[in-house]
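As structure tokens, the structure follows; a few thoughts come after it.
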Amino acid sequence: MVRTRFAPSPTGYMHIGNLRTALYEYFIAKHNGGKFILRIEDTDQERYVDGAVDIIYKTLEMAGIKHDEGPDVGGDYGPYIQSERKNDYMKYALELVEKGEAYYCFCTKERLESLRAEGETGVKYDRHCLSLSKEEIEENLKNNVPFVIRQKIREGVTSFHDEVYGDVTVNNEDMEDQILIKSDGLPTYNFANVIDDHLMNITHVIRGNEYLSSTPKYNLLYEAFGWEIPTYIHVAPVMKDQHTKLSKRNGDASFQDLVAKGYLPKAIVNYITLLGWAPSENREIFTIDELIEAFDVKGISKSPAIFDPEKLKWMNGEYIKAMDFEEFYKMAEPVLKEAVKTEGIDLKMVGEMVKSRISTIYDIPSLIDFIDGLPEYDKSLYTHKKMKTNEENSIGFLKLIIPILENTEKWDNDSLYALMVSTAKENGLKNGQILWPIRTALSGKPTTPCGATELCVLLGKNESLKRLNEGLRLLEG
Ligand code: GLU
């Protein structure tokens, strides 16, 4: 059975590149009827951030993906919190020491720093402690001298196959005897990920390509234990532009930031999945279930993908258009209430007008800012080539329609439209010659989220007539 895992470190924030990795892991597992495991990698106590684990749960929940086993689900393997698995790791490290594949290192920080400063071995550890005698080691352990456990990298070359990057070969000489267990007794990421992936029967490891170069070291560990090496799928980073990775410092890198800016989790999930993965068919809008169905590792790209906010905006707009109105209204209502203070305005009607015209709900206020008050506008707005209106003839058009509107009782969309169109017809005018001046006078804007009659209904008869007369004064003034 295919088993994948998402192994985030609790940093207090979910980078969208990380979320994308989680999605790929989820899709690969589910596409194959397998399991998706969540493992919190919190062994770096210095980086621990309060509440960060909750952010991970919350993000996955909002993104619509659920892990199959893990901290709050239990399952065959119990809770997957790395820091709580301390004893296991030490046991495995000692097994490697036994086998001669790892060794105790008692070097002090000072010694390591001076080594580095001298630069003799590059950034690599000089294997000083590899030659300690059994007696020296026992003496040090007895005296509680702080130690780490290092992997003894064998000579030779290590090759492996990556599903995205193909065959990768590294000369073992280029690898350092990496630390497996730190002086606080906790494992490094480099060690814990191997042990955990094995214990959790992970079959496919999907992660950022920054781990590509460390993978040979992990494989040497698998070999030392005699364990099966998983299938590797390394993915390229998400970039801000050609040269810079999307990072916390560059803003907008986190799922939470995007949600706070009004992007729908579903649209974010859809968009970021397509960053670095191409479906076999030429199509862009996918639900989670459709992504599970369509996901194929072959579509993952080797090259970095650039995060395009405009594309995300477009996609979010498509999701909003497709949303059920009541669901949309529930989401938009607080923004509408904040944007419209005038009593008696039908906010649902406003919601209907804007729904298909926005990228996020935060686009709403600027579209409807004319409701609470007519903005100061230039009379040139009355000029519209196609409608055949200008500053002069609009005076006559308004003078014609104002008394007719004053005298009608039927202030609904259909009646008003019929009235305006018949007035135009009777006077040998184009419809636009009546509709455009009305739209301009009621909104004071070159574009509105609705037409002249809807504006009349929205603002009501009194306010509409007031604005039409103001328009007339402006044109005549
Ligand atoms: N904890 C690692 C990270 O957040 C996980 C990498 C992996 O998936 O193996 O980068």
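In this note's numbering, the protein residues as written are 4 to 480. Backbone N, C-alpha and C define an ideal beta-carbon position, used for all residues, glycine too.
Rounded to a whole number of angstroms, what is the C-alpha to C-alpha distance between residue i and residue j?
i    : j    : result
D260 : T62  : 11 Å
F163 : M178 : 15 Å
I398 : Q245 : 55 Å
E203 : I84  : For clarity, residue 203 is Met in the given sequence; the question names Glu instead. Computed Cα separation, rounded: 12 Å.
N174 : G229 : 21 Å
G169 : N193 : 22 Å
I205 : G37  : 10 Å
P197 : L135 : The question names Pro, but residue 197 is Val in the sequence shown. Those two C-alpha atoms are separated by around 27 Å.
I323 : G376 : 27 Å
E44  : D180 : 22 Å
A55  : W439 : 55 Å
E28  : T247 : 25 Å
V338 : L403 : 38 Å
V353 : K316 : 21 Å
L26  : R252 : 23 Å
N416 : G454 : 10 Å
T46  : P190 : 7 Å
S306 : E116 : 36 Å
E346 : G435 : 30 Å
H207 : P233 : 5 Å
L477 : E379 : 10 Å
T456 : S359 : 18 Å
N285 : G15  : 36 Å
L158 : T24  : A small fix is needed here, since residue 158 is Glu in this sequence, not Leu. So the alpha carbons of these two residues sit roughly 33 Å apart.
Y107 : P13  : 29 Å
Y128 : Y274 : 43 Å
G480 : K340 : 35 Å
S418 : V424 : 10 Å
T386 : P312 : 35 Å
I437 : M390 : 9 Å
L223 : V160 : 10 Å
I19  : K388 : 47 Å
P32  : R153 : Before going further, note that residue 32 is Ala rather than Pro in the sequence given. Their backbone Cα atoms lie some 33 Å apart in a straight line.
For the ligand GLU, I want to know if residue i counts as a neighbour, meaning its beta carbon is within less than 7 Å of at least one of the ligand's heavy atoms.
i    : result
Y235 : no
Y214 : yes
V13  : Note that residue 13 is Pro in the sequence shown, not Val. Not so, every heavy atom of the ligand GLU lies at least 7 Å from the Cβ.
R6   : no
Y192 : yes
R210 : yes
E44  : yes
N196 : yes
A10  : yes
Quickly, what does DSSP pair residue i with across the bridge? List them, please.
i    : result
I40  : R8, E72
A308 : V241
W414 : DSSP output for W414 lists no bridge partner at all.
C108 : V151
I236 : I209
S257 : H18
I303 : W280
K248 : M242
H387 : T392
Excluding five sequence neighbours on each side, which residues of the same chain lie with their C-beta closer than 6 Å to the C-beta of residue i?
i    : result
G320 : S362
I291 : G67
L370 : V357, P452
L475 : L401
V272 : A66
Y420 : T456
K464 : W414
R8   : I40, R42, I205
Looking only at its own chain, which residues have a Cβ that is under 7 Å from the Cβ of residue i, when we skip the five neighbours before and after it?
i    : result
A227 : L99, K102, E104
P422 : The question names Pro, yet the displayed sequence has Leu at residue 422. Contacts found: I407, T411.
L458 : R442, L445, S446, T451
C110 : H131, C132
I348 : I374, L461
K351 : Y332
L267 : N319, Y322
V367 : What sits at residue 367 in the sequence shown is Ile, not Val. So the qualifying residues of the chain are A335, V338, L339, A342, V357, I361.
Who are the Cβ neighbours of residue i in its own chain at under 8 Å, not counting the five residues just before and after it?
i    : result
L468 : I405, L408, E409
E355 : F328
D165 : V171, L215, T218, Y235, I236, H237
F30  : T276, L294, I295, F298
N430 : L403
K269 : G67, T290, I291, Y322
E336 : L350, G354
Which ranges does the beta strand (DSSP E) cover as unbroken runs of at least 3 residues, wholly within the region 144–190, from first to last along the chain? Taken in chain order, the unbroken stretches of beta strand (DSSP E) that lie wholly in the region 144–190 and span 3 residues or more are 151–154, 160–165, 169–174, 182–184.
What ranges does the alpha helix (DSSP H) occupy inside the region 336–370, keeping only unbroken runs of at least 4 residues that lie completely in it? Entirely contained in the region 336–370, the alpha helix (DSSP H) runs reaching 4 residues are, in chain order, 350–357, 367–370.
Runs of alpha helix (DSSP H) wholly within the region 396–452 (minimum 4 residues, chain order): For the alpha helix (DSSP H) assignment, the uninterrupted runs of no fewer than 4 residues enclosed by the region 396–452 are, from N- to C-terminal side, 396–409, 416–429, 434–446.
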